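Our numbering puts the sequence shown at residues 58 to 318.
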Amino acid sequence: MVASAAVVVAASLVVERSGPVIGALVATLPISAGPAFAFLALDHSPEFLARSTLASLAVNAGTAPFILLYASLAQRFGLLVSLGAALLVWSGLAAALSVLAPGIGTAAALNALSYGGAYLLSHPYRRAARPVRAPARWWDLPARAATVMGLAATVVLAGRWLGPQAAGIAALLPVVLTSLVLVLHPRIGGPATAAVLANSIPGMVGFTTALAILHLTVVPLGSAAALLLALAICIGWNAGLLAMTLRSARRTRAGRSSSAR
Numbered sequence: 058m059v060a061s062a063a064v065v066v067a068a069s070l071v072v073e074r075s076g077p078v079i080g081a082l083v084a085t086l087p088i089s090a091g092p093a094f095a096f097l098a099l100d101h102s103p104e105f106l107a108r109s110t111l112a113s114l115a116v117n118a119g120t121a122p123f124i125l126l127y128a129s130l131a132q133r134f135g136l137l138v139s140l141g142a143a144l145l146v147w148s149g150l151a152a153a154l155s156v157l158a159p160g161i162g163t164a165a166a167l168n169a170l171s172y173g174g175a176y177l178l179s180h181p182y183r184r185a186a187r188p189v190r191a192p193a194r195w196w197d198l199p200a201r202a203a204t205v206m207g208l209a210a211t212v213v214l215a216g217r218w219l220g221p222q223a224a225g226i227a228a229l230l231p232v233v234l235t236s237l238v239l240v241l242h243p244r245i246g247g248p249a250t251a252a253v254l255a256n257s258i259p260g261m262v263g264f265t266t267a268l269a270i271l272h273l274t275v276v277p278l279g280s281a282a283a284l285l286l287a288l289a290i291c292i293g294w295n296a297g298l299l300a301m302t303l304r305s306a307r308r309t310r311a312g313r314s315s316s317a318r
């Protein structure tokens, strides 16, 4: 629990100081789901983890509508309405998808449709904010740490008491994105916070891919090797997105310099 909290708090500090694009890439690393799956691997067999990750993959399709709805509502409404509505929709979709319990092919297709549509529809919100520069308040870090520690405990207990499907759903709670909204929305406003979440959609594609690979490889490779492979996919994907972002920024600056001359 303490290790998970330390990772998430450190990542959230980077998000607040690096702007919406780079901050979103940090936020979409598996900084809450990763430790949750590691705890499940310590307690259970690879077969249990495979069933959990399949449930997680299905529920993961609901995170794109969560991001899109919050980004849209945050342009006009306050924190309670914007985040409350987004969490309500996520909860409804998670419940429906857990009942349907789709197989790996259907779950992958649902994620492709969900994130592809959300990426297209979120375009107006991705460039609508200034970089994040927010002063800290004394209770921010303890609140974030407590939230993540609570998630870690919930996932472990769900795995022991309720089985792999419940553990997989608990591991995919949007804790990091929700905590960022709770911290940033009151301090920098809805549109700026929406830009962070809207820019997280490309990074979530890498996380989704890693989740599918983890499900497919955990039994043949073993839990440790499969988890490391999934982590490498997440880091490599986001590193590629970062390189593309920096290259695009350099081209933009070069074009402006040429125009000025």
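No residue lacks a Cβ here, since even glycine has one placed at the ideal position from N, Cα and C. Please read all numbers here as calculations on a predicted model, not as lab measurements.
(message) Taking the alpha-carbon of R322 as reference, which of L82, L70, G297 and G119 has the nearest alpha-carbon?
(response) Outside the modelled stretch of the chain, which goes from 58 to 318, sits residue 322, for which no answer is possible.
(message) Less than 8 Å between the C-beta atoms of A258 and A166, yes or no?
(response) The sequence shown places Ile at residue 258, rather than the Ala named in the question. In this structure, A166 does not lie closer than 8 Å to I258 by Cβ.
(message) Report the CB separation of T265 from Y172 in whole angstroms; it is logged as a contact under 8 Å.
(response) Their Cβ separation, rounded to whole angstroms, is 7 Å, which keeps T265 and Y172 in contact under 8 Å.
(message) By alpha-carbon positions, which one of L230, L214, L273 and H180 ends up nearest to A164?
(response) Out of L230, L214, L273 and H180, L273 has the C-alpha closest to the C-alpha of A164.
(message) Here's the rule: buried if 16 or more other CB atoms are within 10 angstroms of the residue's CB, otherwise exposed. What is G297?
(response) With fewer than 16 neighbouring CB atoms inside 10 Å of its own CB, G297 falls in the exposed class.
(message) I need the straight-line Cα distance from L106 to M261, nearest angstrom please.
(response) So the two alpha carbons sit approximately 20 Å from each other.
(request) Determine the contact status of C291 and A255, defining contact as a CB-CB distance below 8 Å. (result) For C291 and A255, no; Cβs fall outside 8 Å.
(message) So for W196, helix, strand or coil by DSSP?
(response) Three-state result, W196: coil.
(request) For A112, I'd like the list of residues in its chain whose CB is within less than 7 Å of its CB, leaving aside the five on either flank, ordered along the chain. (result) For A112, same chain residues with a beta-carbon under 7 Å away, outside a window of 5 residues either side, are S155, P221, Q222, G225 and I226 in chain order.
(request) For V71, count neighbouring C-beta atoms within 10 Å of its own C-beta (all shown protein chains included) and say buried if the count is 16 or more, exposed if not. (result) Label assigned to V71: exposed.
(message) Between the alpha carbons of Y127 and R310, how many angstroms are there, rounded?
(response) Between the alpha carbons of Y127 and R310 lies a distance of about 31 Å.
(request) Let me know if W147 comes out buried or exposed under the rule of 16 or more other beta-carbons within 10 Å of its beta-carbon. (result) Residue burial annotation: W147 is buried, with at least 16 other C-beta atoms found within 10 angstroms of its C-beta.
(message) Taking the alpha carbon of P122 as the reference point, which residue from L114, D100, I88 and L178 has its own alpha carbon closest?
(response) Of L114, D100, I88 and L178, the residue nearest in Cα terms is L178.
(message) For L125, count the other beta carbons within 10 Å of its own beta carbon; 16 or more makes it buried, fewer makes it exposed. Which is it?
(response) Buried: at least 16 other Cβ atoms inside 10 Å.
(request) With a 10 Å radius around its C-beta and 16 neighbouring C-beta atoms as the bar for buried, classify L214 as buried or exposed. (result) So L214 counts as exposed.
(request) Provide the residue span of the alpha helix (DSSP H) that contains I79, from first to last. (result) For I79, the enclosing alpha helix (DSSP H) covers residues P77 to A84.
(request) Let me know if P199 comes out buried or exposed under the rule of 16 or more other beta-carbons within 10 Å of its beta-carbon. (result) Classification for P199: exposed.
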